[in-house]
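The sequence shown runs 0 to 182 under numbering that gives the first Met the number 0.
For glycine and all other residues, C-beta sits at the position ideal for the given N, C-alpha and C.
Source: prediction; values computed, not measured.
Structure first, then comments.
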Amino acid sequence: MITMNDIIRDGHPVLREVAQEVHLPACKEDKEILISLMQYVKNSQNPEIAAEYGLRGGIGLAAPQINVSKRMIAVHVTDEKGDLYSHALYNPKIISHSVEKSYLTSGEGCLSVDEAIEGFVPRYARITVKGYDIDHTEIKLRLKGLPAIVFQHEIDHLNGVMFYDHINHESPYDPIENAIAID
Ligand SMILES: Cc1nc(NNC(=O)[C@H](CC2CCCC2)CN(O)CO)c(F)c(N2CCN3CCOC[C@@H]3C2)n1
Ligand code: NI
Numbered sequence: 000m001i002t003m004n005d006i007i008r009d010g011h012p013v014l015r016e017v018a019q020e021v022h023l024p025a026c027k028e029d030k031e032i033l034i035s036l037m038q039y040v041k042n043s044q045n046p047e048i049a050a051e052y053g054l055r056g057g058i059g060l061a062a063p064q065i066n067v068s069k070r071m072i073a074v075h076v077t078d079e080k081g082d083l084y085s086h087a088l089y090n091p092k093i094i095s096h097s098v099e100k101s102y103l104t105s106g107e108g109c110l111s112v113d114e115a116i117e118g119f120v121p122r123y124a125r126i127t128v129k130g131y132d133i134d135h136t137e138i139k140l141r142l143k144g145l146p147a148i149v150f151q152h153e154i155d156h157l158n159g160v161m162f163y164d165h166i167n168h169e170s171p172y173d174p175i176e177n178a179i180a181i182d
């Protein structure tokens, strides 16, 4: 199982690489990596397991964060309506997005960044993501709210982008013009 020891931290060059497409059908090794990403996210949301293994809570995880520079992510998050979005995807891609932006009023963190970095992270308010699930079935997701934020954070990792790259450091808490604030 993945623990915090497997998660590389800011400054590791792999976090700044553009990850490679996964050739489908995926080999056994890539399939196991995709499964392990989802397992970490779910384990980290289980208080007993998280406490026992010292896991930082997560609602998403990207393969580069475990030093695998391949385009794989796992997301396991419940939105404000209580709908669960649980997807482990090969080669996820944002194929369209709103002009309108949104941001988490609490800012963002990252399992690969040990310190808190303050500030609003502007994201697209609505996105359409295309990717391939564990069975190589093409998945198309129309997302908004927290799920949309998480997928953008994870797909950024596949392109070597960290959440704090988006923060306006001159005025980190300036509400983002015409954006939707998500609590
Ligand atoms: C907002 C939040 N961020 C948590 N951590 N950070 C992460 O997930 C990073 C990715 C997220 C940071 C902002 C957007 C994406 C990991 N990232 O680095 C991967 O690239 C949480 F853990 C968390 N929740 C709320 C829901 N809760 C349900 C019960 O279990 C605990 C869980 C805690 N909400
Ligand atoms: Ni992250």
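Item, Value
"Would you say the region 53-72 touches the region 81-95, given that touching needs at least three Cβ pairs under 8 angstroms?", "yes"
"Taking the alpha helix (DSSP H) that alanine 180 falls in, what are its first and last residues?", "Where alanine 180 is concerned, there is no enclosing alpha helix (DSSP H), although the beta strand (DSSP E) it sits in stretches over 178-181."
"Does the Cβ of methionine 153 have 16 or more other Cβ atoms within 10 Å, making it buried, or fewer, making it exposed?", "Reading off the sequence shown, one finds glutamate at residue 153, where the question assumed methionine. By the neighbour-count rule (16 or more Cβ atoms within 10 Å), glutamate 153 is buried."
"For tyrosine 102, which of Ile138, Ala124, Cys26 has the nearest alpha-carbon?", "Ala124"
"Check each candidate in Ile148, Ile1, Gln44 and name the one with the smallest Cα separation from glutamate 107.", "Ile148"
"For glycine 53, verify whether its CB is less than 8 angstroms away from any heavy atom of ligand 1.", "no"
"Using the rule of at least 16 other Cβ atoms within 10 Å of the residue's Cβ for burial, across every protein chain shown, is arginine 122 buried or exposed?", "buried"
"Taking the beta strand (DSSP E) that methionine 71 falls in, what are its first and last residues?", "71-77"
"Hey, could you find the ends of the beta strand (DSSP E) alanine 87 is sitting in?", "83-96"
"Hey, would you say isoleucine 94 sits closer than 9 angstroms to threonine 127, going by beta carbons?", "yes"
"May I ask whether a heavy atom of ligand 2 can be found less than 8 angstroms away from the beta carbon of glycine 59?", "yes"
"Can valine 112 and phenylalanine 162 be called in contact, C-beta distance under 9 angstroms?", "yes"
"Measuring only the C-alpha atoms, how far is methionine 37 from glutamate 79?", "21 angstroms"
"For serine 68, is the beta carbon positioned less than 8 angstroms from some heavy atom of ligand 1?", "no"
"Tell me whether glycine 130 is buried or exposed, calling it buried when 16 or more other Cβ atoms sit within 10 Å of its Cβ.", "buried"
"For the region 27-44 and the region 52-64, state whether three or more C-beta atom pairs, one from each stretch, are separated by less than 8 angstroms.", "yes"
"Compute the Euclidean distance between the alpha carbons of isoleucine 138 and aspartate 132, then round it to the nearest angstrom.", "7 angstroms"
"Closer than 7 angstroms by C-beta to valine 67: which residues in its own chain qualify, once you throw out the five before and the five after it? Chain order, please.", "Ile32"
"Can you find the residues in the same chain that come closer than 6 angstroms, C-beta to C-beta, to serine 85, ignoring five residues on each side of it along the sequence?", "His75"
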